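**Student:** Each residue of the sequence shown is one higher than the last, beginning at 1 in UniProt numbering.
In this text, a Cβ means the ideal position worked out from N, Cα and C, and glycines have one as well.
In this text, all values refer to a predicted model and were calculated from it rather than measured experimentally.
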Amino acid sequence: MSAHYLTEKFDIHGGGMDLIFPHHENEIAQSCAACPDSKISYWMHNGFVTANDEKMSKSIGNFFTIREVTKLYHPLALRHFLMGTHYRSPVNYSIAQIEISSEAIFYIYQTLEDCAGVISQFKEEIEASTKKFPVTADAKTCITNLKAHFKERLSDDLHTPTILNASLQDALRLFNKILSNLKKKLQKPQKFSNVQSLIDLEKEVKIVLDVLGLLSDSTYTEVLNQLKEKALKRANLTEEDILKRIEERSSARKNKDFSLSDQIRKDLTFKGIALMDVGEDTIWRPCVPVEPAVSTNGQLSGPPDGQQQELPKSADTVKS
Numbered sequence: 001m002s003a004h005y006l007t008e009k010f011d012i013h014g015g016g017m018d019l020i021f022p023h024h025e026n027e028i029a030q031s032c033a034a035c036p037d038s039k040i041s042y043w044m045h046n047g048f049v050t051a052n053d054e055k056m057s058k059s060i061g062n063f064f065t066i067r068e069v070t071k072l073y074h075p076l077a078l079r080h081f082l083m084g085t086h087y088r089s090p091v092n093y094s095i096a097q098i099e100i101s102s103e104a105i106f107y108i109y110q111t112l113e114d115c116a117g118v119i120s121q122f123k124e125e126i127e128a129s130t131k132k133f134p135v136t137a138d139a140k141t142c143i144t145n146l147k148a149h150f151k152e153r154l155s156d157d158l159h160t161p162t163i164l165n166a167s168l169q170d171a172l173r174l175f176n177k178i179l180s181n182l183k184k185k186l187q188k189p190q191k192f193s194n195v196q197s198l199i200d201l202e203k204e205v206k207i208v209l210d211v212l213g214l215l216s217d218s219t220y221t222e223v224l225n226q227l228k229e230k231a232l233k234r235a236n237l238t239e240e241d242i243l244k245r246i247e248e249r250s251s252a253r254k255n256k257d258f259s260l261s262d263q264i265r266k267d268l269t270f271k272g273i274a275l276m277d278v279g280e281d282t283i284w285r286p287c288v289p290v291e292p293a294v295s296t297n298g299q300l301s302g303p304p305d306g307q308q309q310e311l312p313k314s315a316d317t318v319k320s
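(1) According to DSSP, what are the bridge partners of TYR42?
(2) Should HIS4 go down as buried or exposed, given a rule of 16 or more other Cβ atoms within 10 Å for buried?
(3) Of the choices ASN225, ASN145, VAL135 and LEU209, whose alpha-carbon is the least far from that of PHE192?
(4) Express the C-alpha separation of LEU215 and HIS159 in angstroms, rounding to a whole number.
(5) State yes or no: is the C-beta of MET44 nearer than 6 Å to some heavy atom of the ligand FMN?
(6) Please work out which residues of its chain come closer than 8 Å, Cβ to Cβ, to LEU113, disregarding the five sequence neighbours upstream and downstream, and give them in chain order.
(7) Taking the runs of the beta strand (DSSP E) that are 3 residues or longer, which of them lie wholly in the segment 157 to 221?
(8) First and last residue of the alpha helix (DSSP H) that includes ARG88?
(9) Per DSSP, what kind of secondary structure is VAL294 in: helix, strand or coil?
(10) Can the beta-carbon of ARG249 be found closer than 7 Å to that of ILE264?
(11) Within 10 Å of its beta-carbon, does HIS80 have 16 or more other beta-carbons around it, so buried, or fewer, so exposed?
(12) Rounded to the nearest angstrom, how far is the Cβ of THR111 from that of LEU172, given a contact under 8 Å?
(13) Which residues does DSSP list as the beta-bridge partners of PRO286?
(14) Is the CB-CB distance between GLY47 and SER102 below 7 Å?
(15) For LYS123, tell me which candidate among PHE10, ILE199, GLU280 and LEU6 has the shortest Cα-Cα distance.
(16) Short check: CB of ILE98 to CB of TYR73, under 7 Å?
(17) In chain order, what residues of the same chain lie with their CB nearer than 7 Å to the CB of LYS206, ignoring the 5 residues before and after it?
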């Protein structure tokens, strides 16, 4: 049947580690006997999926389907989580780990959106210019390393974890460094070289994300909104609830009631919602929920107000 639909030669044959013997060894013997020209270029055997360090089992109730997981988490977050472990190694599914992947996807798309916002301000002027602006030395090095490392890691038995945690992170950090540089008063050649660096770097990062299946067909903004919708669902909150809490916190800060202001922020952080003060405004974004800690006096505590995770700066603050 396989030969009828796929021909006698397969590019990839996959299965769990437990199928190597005797199932796949028997399959090879049978296939070679039935189809002398049969050939499989690559065998891929994946590790088992566990849940909180226990083998997944319907009988003990720790079995999850993709459909169930994606009710609360973006499919890109699940894909990022799975690629964070080498495919031949066991994958330990836990809420804590997929929360980290969800935040990582938000960071990637927030950075790309900020980058796109800056590019849109200058791209037309750069393209109309008769002068070509070279990328910065940092960008040239980063792009070269990203290309080489990506090819090297994929060629090394599809080693996706090191791509996500090394070269891709280097590129994202450089994005934000360039965005920060563009907020300074720069001469036109310097400014346009930085923008050209963003253009070239975005192109290479999108290639990496596309190959890994992490580049959505939706716009950057749409993906960010989808991630926020999932975060609201996990927190059992609405956008109106958060805006109301932001208003209450703003009022408390004006009245110098910093204890209440601090508590509002902590309450939301415990639910996976981070408040970010940007100038005179306060915005929110999903974050990894911070477990309430109990202080020596028995009170719940968390990071003090004002010590939130830094959000990549919005593109509209870049000086033109």
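**Tutor:** From the atom records:
(1) Partner(s): ILE12.
(2) Counting Cβ neighbours within 10 Å, HIS4 comes out exposed, since fewer than 16 surround it.
(3) When the alpha-carbon of PHE192 is set against those of ASN225, ASN145, VAL135 and LEU209, the nearest one is in VAL135.
(4) When rounded, the distance between both Cα atoms is 18 Å.
(5) In the structure on display, the ligand FMN does not appear, and there are no ligands present to speak of.
(6) Residue identity check: residue 113 is Glu in the sequence provided, not Leu. Within the same chain, TYR220, THR221, LEU224 and ALA315 come within 8 Å of GLU113 by CB-CB distance, once the 5 residues on both sides are set aside.
(7) Entirely contained in the segment 157 to 221, not one beta strand (DSSP E) run reaches 3 residues.
(8) Segment: none, ARG88 is in no alpha helix (DSSP H) and carries neither H nor E.
(9) Below a pLDDT of 50, predicted positions are generally treated as unreliable, and VAL294, at 49, falls in that range; the measurement from the model is reported next regardless. DSSP, reduced to helix, strand and coil, places VAL294 within a strand of the structure shown.
(10) Here ARG249 is near ILE264, since their CB atoms are less than 7 Å apart.
(11) So HIS80 ends up on the buried side.
(12) THR111 to LEU172, Cβ: 5 Å. Contact.
(13) Beta-bridge partners of PRO286 (DSSP): ILE273.
(14) No, they are not a contact pair.
(15) Among PHE10, ILE199, GLU280 and LEU6, the Cα nearest to that of LYS123 is on ILE199.
(16) Yes, the Cβ-Cβ distance between ILE98 and TYR73 is below 7 Å.
(17) Non-local C-beta neighbours of LYS206 in its own chain, meaning closer than 7 Å and more than five positions away in sequence, comprise LEU215, ordered along the chain.
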